[in-house]
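First comes the structure, then the notes that go with it.
2 protein chains.
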Amino acid sequence: MADVAHRAGVSTATVSRCVNAPARVQPETRERIEAAIRDLGYSPNFGARALAARRTDTIGAIIPTLDNSVFARGLQAFQTALVEHGMTLLLASSSYRPDLEEAQIRTLVARGADGLLLIGHERDPALYDFLALHRVPVLVAWVHDPAAPRPSVGFDNKAAMEAMTSAVLDRGHVRLATISGHTRFNDRTRDRVAGVRAAMAARGLDPAALAVVETPYGIETGAQAMAELMARDPRPTAVICGNDLLGMGALRQARAMGLRVPGDVSITGFDDMELSTVADPPLATVAIPHARMGTTAAAMLTGMVRDGTRPDSVALPCEILLRASLGPAPLSPA
Amino acid sequence: MADVAHRAGVSTATVSRCVNAPARVQPETRERIEAAIRDLGYSPNFGARALAARRTDTIGAIIPTLDNSVFARGLQAFQTALVEHGMTLLLASSSYRPDLEEAQIRTLVARGADGLLLIGHERDPALYDFLALHRVPVLVAWVHDPAAPRPSVGFDNKAAMEAMTSAVLDRGHVRLATISGHTRFNDRTRDRVAGVRAAMAARGLDPAALAVVETPYGIETGAQAMAELMARDPRPTAVICGNDLLGMGALRQARAMGLRVPGDVSITGFDDMELSTVADPPLATVAIPHARMGTTAAAMLTGMVRDGTRPDSVALPCEILLRASLGPAPLSPA
DNA sequence: TTGTAGGCGTTATCAT
DNA sequence: ATGATAACGCCTACAA
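Quick note, the sequences are listed as chains A and B, same order.
The numbering used here numbers the first residue of the first sequence as 59 and each following residue consecutively.
The numbering used here numbers the first residue of the second sequence as 59 and each following residue consecutively.
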């Protein structure tokens, strides 16, 4: 920086201003400085800047895994929007494991993240204390719970699944089953199963009659879970899956068993992954607002970091996609 | 840090040592210090540390987009391995645009990235100068070109596509077509098309006879490109796609036109995305070693940053998956 | 609008 | 094995 200042015939203070608040330096001096910066290939030292300014303009995000395309897509939108706000993304993943997530949270704070994006509310309260101690604002995504003590941006997993289940019940199904991701340490999966039960209760069915199998997300695991469910007596006539991969596995297994979908059994998914559209039959599913979540999260977190404000939680709508795997819509009641 | 030192009855220097080289401090003092750290919830200041140590233990990566699952999967492996090496990931994306990529490269350097992972070799030489000036080691992924002036970890796009095309030619096809991603600013797509031509030439076919359509990656765009190719006279009997999404689009379009696959036209993809396995018929494709690339890249870059060494480029094998969309294997020549 | 100067929290060197 | 003490490079009142 001293070199730049010397070459432009100004003090380092002016160079600093020119970089951080161009408006506060005369256009001609600015041009001289910018030329010097270009000529010398100067790039400010990150450590020094962070130390002096007490911020890094960096936002950390910890997601379960990029292997799940819904998180990848949400993050893509988040990262792009972050850049537009002048922020950079520090990324870590937890593999759905609370212990790894905790380690990553501590790491990202130690790496100077000005703010953090986390998936779901549920984690050790001590972690929230740690973040508060270090004055690191947190935004929670992928859920919407206005009662939570932290701002969030997302959708109502329970309501979305309740709506999908209602569509299933509309088609006359009575024996329902669910293939869910593991519900331990995961409020999203739990809310989705709760949504199925809520819809059943609303129609006078016994929520306890719901057959539930939990398994990690995957086509293979979904197929195994489907085999298990189809072996039960009485056999469910509709299988509501907590994720599209599980739904694809169920679809495959149904076909392998010679069952017609939706003739013998209806199947639904959740997430609206690309592969659901090319499935045969296309998989009915819940489209979640990844992109809007990512973009909104970037704006909210940037505001939280810059102004220290605590924004209201934002709820984004899901869309229920009634595709062929669910079966045709019933005749509308006169 | 001063608080910790005071509480543990030592100097800040010892605290620093305890954090950075625990072996160099007596076990008992270490315990006192660690207790103090826990009690106070101390976390070292990143800026100060970076300034003094002249490193951030942070690696930057710039990929085209996380919306493409092959990059998402590669990055997941990269990030996980990075953590095991004690490094953290700074992530940016370019949307396949050289101007945005350049901006991101400069940003990540300014954000203190100790090293950079980039996709493909092709970019403005001035950028490589900039990186050299700032002593930021670069590793290129997703390609393998031992002749390049930089280390890389990846696979030989041309050879992989040549192998796939050979399999196509084995089945007696003579009129070939390719649906490729845009080849401008993209050495991977270019290499893949070159691979198709090389295989043709090796069999005595005229490489110039290859029908090529370029379009962005996507199912919809792939379908459009397929419609265009099928309208040509003579009509190609095999369509070799540079990406699975394009292949899925071609598959869909073929079916929409009443063409049987592989009866009337064979279709192949590239990348082995999950959706290719659930397609009907399953899409023949090239499986690329995302995970190994990511893991290897993390180890190589960490070494480059820590020891300042320049490793040899690493070539990883692809696998040709001869699925139903390609058609049955010919009788083996006696 | 521009220059001066103190301080940001660690690391690392050099004694002890 | 531990302590004292210079850097590290920039930002930001404050003064001019």
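The beta-carbon is built from N, C-alpha and C at its ideal position, and this holds for glycine as well.
| request: Please confirm if residue 253(A) has its CB atom under 8 Å from at least one CB of chain B. | output: It does not: the Cβ of residue 253(A) has no partner Cβ on chain B nearer than 8 Å.
| query | Within the 8 Å Cβ cut-off, does residue 152(A) reach chain B? | reply | It does not; no Cβ of chain B falls within 8 Å.
| Mapping DSSP to helix, strand and coil, what is residue 392(A)? | Bear in mind that the predicted position of residue 392(A) carries a pLDDT of just 49, short of 50, making it unreliable; the figure below should be weighed with that in mind. DSSP places residue 392(A) in coil when its eight states are reduced to three.
| request: Count the CB pairs spanning the stretch 256 to 263 of chain B and the stretch 311 to 318 of chain B that are closer than 8 Å, and state whether there are at least three. | output: Segments in contact, no.
| message | Tell me the residue span of the alpha helix (DSSP H) that contains residue 309(A). | response | Per DSSP, residue 309(A) belongs to the alpha helix (DSSP H) from 302 to 314.
| message | Within a Cβ cutoff of 7 Å, which residues of the same chain sit near residue 83(B), ignoring the five residues on either side of it in sequence? | response | Only 72, 75 and 76 meet the Cβ criterion.
| task | With 8 Å as the threshold, decide whether the Cβ of residue 192(B) is near any Cβ in chain A. | result | Interface annotation, residue 192(B): in contact with chain A, CB-CB separation under 8 Å.
| query | In chain A, which residues lie with their C-beta within 9 Å of the C-beta of residue 336(B)? | reply | Correct list: 277, 306, 309, 310, 333, 336, 337 and 338.
| On the three-pair Cβ rule with 8 Å, is the stretch 155 to 174 of chain A touching the stretch 183 to 196 of chain A? | Counting Cβ pairs under 8 Å, three or more are found: they touch.
| field | Secondary structure of residue 259(B), DSSP reduced to three states | value | Assignment of residue 259(B) by DSSP, reduced to helix, strand and coil, places it in the helix class.
| Does DSSP classify residue 167(A) as helix, strand or coil? | Correct three-state label for residue 167(A): helix.
| Given 8 Å as the limit, is there contact between the stretch 142 to 161 of chain B and the stretch 356 to 370 of chain B, that is, 3 or more CB pairs closer than that? | Output reads yes: the stretch 356 to 370 of chain B touches the stretch 142 to 161 of chain B.
| Could you give the distance in angstroms between the alpha-carbon of residue 322(A) and the alpha-carbon of residue 293(A)? | Here the C-alpha atom of residue 322(A) lies approximately 10 Å from the C-alpha atom of residue 293(A).
| query | Using a Cβ-Cβ cut-off of 7 Å (strictly less than) and excluding sequence neighbours within five positions of residue 160(B), which residues of its own chain qualify? | reply | Cβ contact annotation for residue 160(B) (same chain, cutoff 7 Å, sequence separation greater than five): 182 and 185, in chain order.
| message | For the stretch 168 to 202 of chain B, list every residue whose C-beta sits within 9 Å of some C-beta in chain A, in sequence order. | response | Closer than 9 Å at the C-beta level to chain A, one finds these residues of the stretch 168 to 202 of chain B: 168, 169, 170, 171, 187, 188, 191 and 192.
| Can you find a C-beta in chain B that's less than 8 Å from the C-beta of residue 219(A)? | No, residue 219(A) does not count as interfacial toward chain B.
| Which partner residues of residue 324(A) appear in the DSSP bridge assignment? | BP columns for residue 324(A) point to 296(A).
| task | Can you have a look at residue 301(A) and say buried or exposed, based on whether 16 or more other CB atoms are within 10 angstroms of its CB? | result | It counts as buried.
| query | Going along chain B in order, which residues have a C-beta closer than 8 Å to the C-beta of residue 84(A)? | reply | The contact set of residue 84(A) on chain B, defined by CB atoms closer than 8 Å, is empty, because the minimum CB distance reaches about 24 Å.
| message | Less than 8 Å between CB atoms is the rule here; does residue 127(A) satisfy it with respect to chain B? | response | By this cut-off, residue 127(A) is an interface position.
| query | Under 8 Å Cβ-Cβ, which residues of chain B neighbour residue 146(A)? | reply | Under the 8 Å cutoff, chain B gives 148, 150, 165, 166 and 169.
| query | Residue ranges of each beta strand (DSSP E) run of no fewer than 3 residues wholly in the stretch 128 to 158 of chain A, ordered along the chain? | reply | For secondary structure counted as the beta strand (DSSP E) over 3 or more consecutive residues, the stretch 128 to 158 of chain A holds these complete runs in sequence order: 146 to 151.
| the ligand MN heavy atoms versus the CB of residue 224(A): any closer than 7 Å? | As far as ligands go, the structure on display features none, and thus does not contain the ligand MN.
| Does the beta carbon of residue 123(A) come closer than 8 Å to any beta carbon on chain B? | Closer than 8 Å: yes.
| said: Quick test of your reading: residue 344(B) and residue 378(B), contact by CB under 8 Å. State the CB separation rounded to the nearest angstrom. | reply: Indeed, because the Cβ distance is near 6 Å, the residues count as touching under 8 Å.
| message | Helix, strand or coil for residue 371(B)? Go by DSSP, reduced to three states. | response | It is coil, neither helix nor strand.
| message | Does chain A have any CB closer than 8 Å to the CB of residue 384(B)? | response | Chain A, which has no Cβ nearer than 8 Å to the Cβ of residue 384(B), makes this no.
| field | When 98(A), 353(A) and 329(A) are compared against residue 191(B), the one with the closest alpha-carbon | value | When only C-alpha atoms are compared, the closest one is 98(A).
| field | Outcome for residue 326(A) when other beta-carbon atoms lying within 10 angstroms are tallied against a minimum of 16 | value | Here residue 326(A) is buried: its Cβ has 16 or more other Cβ atoms, across all protein chains shown, within 10 Å.
| request: Starting from the beta carbon of residue 243(A), find every residue of chain B whose beta carbon is closer than 9 Å, and list them in chain order. | output: Correct list: empty, because the minimum Cβ distance to chain B is about 19 Å.
| Quick one: complete beta strand (DSSP E) runs, 3+ long, within the stretch 73 to 139 of chain B? | Taken in chain order, the unbroken stretches of beta strand (DSSP E) that lie wholly in the stretch 73 to 139 of chain B and span 3 residues or more are 116 to 121.
| task | Could you check what DSSP says for residue 234(A) in three-state terms: helix, strand or coil? | result | In the structure shown, residue 234(A) falls within a strand segment according to DSSP collapsed to helix, strand and coil.
| the stretch 231 to 238 of chain B / the stretch 263 to 282 of chain B touching (three or more Cβ pairs under 8 Å) | When C-beta atoms of the stretch 231 to 238 of chain B are compared with those of the stretch 263 to 282 of chain B, three or more pairs fall below 8 Å, so the two segments count as touching.
| query | Within the 8 Å Cβ cut-off, does residue 70(A) reach chain B? | reply | No, its Cβ sits nowhere closer than 8 Å to a Cβ of chain B.
| query | How would you write the range of the beta strand (DSSP E) that residue 272(A) sits in, first residue to last? | reply | Start and end: 269 to 272.
| When DSSP labels each residue in this structure, what does residue 241(B) get in the three-state scheme? | For residue 241(B), the secondary structure class from DSSP, reduced to helix, strand or coil, is coil.
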